[in-house]
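A quick write-up on the structure given underneath.
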Amino acid sequence: MLRFFLLGLTVAVMSLPASAENKPGFNPHEGLFTSNEGMELKADVTHKSGDQYAVSLSTNVPMVDNQPGCGGGVSGDVTIKDKKAVFKIQSEGFDPKEAESARNPRYCEIKMNFVGEYKLEIEEVGGCTYYHGASCEFTGTLEHEASGI
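For the sequence shown, the positions run -20 to -1, 1 to 129 when mature numbering (1 follows the signal peptide of the UniProt record, and there is no 0) is used.
In structure tokens form, the structure reads like this:
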């Protein structure tokens, strides 16, 4: 009797859906992450090798009722360790003849934190206004495109 119970329990547990993290070939850091919380925010993350990834971030706020919108994007490589990364690229708007400051930042810097199975939190540290305008930012919580599957 105990044998049938254990067999039934084993079959029941094995039939439960596996989390995406346990699926062969699934990389929780790779894919398209999006958010539409007030502004459109996207992160396209592609695995290169080891802990190296290519990242493309974009943000967009559409024009509404004659209020100006904004938008822009950045791309580059990042190292992801322990579900965290700092995406840092040299600002194209940096003027080396001027002192480095909030108005003349040397780098656009964005913190990335992968949370759970399908979420990516990004936080703009600073220096990115050149890439998206004054009314946008690279900050928000994004969800992986596979989260609804």
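All residues carry an ideal CB built from backbone N, CA and C; glycine is no exception.
{"Asked": "For a test of the three-state rule: what should DSSP assign to Ala126, helix, strand or coil?", "Found": "helix"}
{"Asked": "How about Ser15 and Leu122: are their beta carbons less than 7 angstroms apart?", "Found": "yes"}
{"Asked": "Contact check, Gly18 vs Thr39 under 8 angstroms by CB: the rounded distance?", "Found": "Actually they do not touch by this definition, with Cβ atoms about 11 angstroms apart."}
{"Asked": "Quick one: what does DSSP say Tyr87 is sitting in, helix, strand or coil?", "Found": "strand"}
{"Asked": "If Val41 sits next to Cys88, beta carbons under 8 angstroms apart, how far is it from one beta carbon to the other, in whole angstroms?", "Found": "Not confirmed; about 18 angstroms, so no contact."}
{"Asked": "Give me whichever residues DSSP pairs with Cys50 in a beta bridge.", "Found": "Val41"}
{"Asked": "Could you give the distance in angstroms between the alpha-carbon of Asp57 and the alpha-carbon of Gln32?", "Found": "7 angstroms"}
{"Asked": "When the Cα atoms are used, what is the spatial distance from Lys63 to Ser81?", "Found": "30 angstroms"}
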